[in-house]
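Structure first, commentary second.
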Amino acid sequence: MSNDMYSAERVAELLGLHVRTVRGYIRTGRLRAVRIGKQYRIARADLDALTGRSAPAPSAAPATLEVSSIVQLDGVDRAAADRLATVVLAGVNTHHDQARPLRVQTVHDEERHRVKIVILGDAAGTADLLRLLDAVLHGDNDLFSGEGEHG
């Protein structure tokens with residue numbers, strides 16, 4: 666929303682009214698204003714409300730969608746967790762939209778043999794990374810050879 670402030674004189678000029686008419690609108694509550702000393706200041710939003718114009722959207726940027734995901738894998742030792750973190754990092758670094766990068770953190774719980782991967786970012790990038798993880802974990806690879814059950 667715009668932070669523009671107008672004097673009663675400027676509002677009168679913009680609306681093609683006499684300044685006394687604008688001051689009358691202010692006194693009767695038809696137009697909201699703030700009094701600073703002997704002057705009135707009218708916010709752009711209040712002027713728009715009086716004229717029936719809708720206020721512009723707060724931002725011209727389109728709405729953004731952000732996804733947060735937590736992936737938990739059990740039965741993962743430190744070496745496999747390190748290899749998985751490398752694969753995830755490579756996947757993040759090849760993410761196609763550099764304007765909306767993924768933020769990823771991997772945490773290995775050595776005592777429980779568990780890895781958690783926290784992913785924050787746009788839906789498409791998150792989906793791509795999850796597909797990569799699925800391929801690595803369920804594909805023909807030796808990332809977890811000799812390990813217990815995963816996923």
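Residue numbers for the sequence shown follow this note's numbering, beginning at 666 and rising by one.
No residue lacks a Cβ here, since even glycine has one placed at the ideal position from N, Cα and C.
**Study point:** Secondary structure of Val-684, DSSP reduced to three states
**Key:** Residue state, collapsed to three classes: helix.
**Study point:** Helix, strand or coil at Leu-715 [DSSP, three-state]
**Key:** helix
Point to revise | For Val-780 and Val-769, believed in contact at Cβ under 8 Å, the rounded distance | key: Not really, about 12 Å apart at Cβ, beyond 8 Å.
Review point. Between Glu-731 and Leu-794, what straight-line distance do the alpha-carbon atoms span, to the nearest angstrom?
Key: Cα atoms of Glu-731 and Leu-794: separation of roughly 14 Å, rounded to the nearest angstrom.
Check your understanding: Closest by CA to Thr-759, which one among Gln-737, Arg-743 and Gly-790?
Key -> Gly-790
Check your understanding: Among all the DSSP beta bridges, which residues are the ones paired with Leu-738?
Key -> Answer by DSSP bridge pairing, in chain order: Val-780.
Point to revise | Given Ala-745 as reference, the closest of His-683, Pro-766, Asp-774 and Gly-702 once Cα atoms are compared | key: Asp-774
Practice item. Please name the residue in Val-801, Leu-696, Gln-704 and Ala-710 whose C-alpha comes closest to that of Val-752. Key: Val-801
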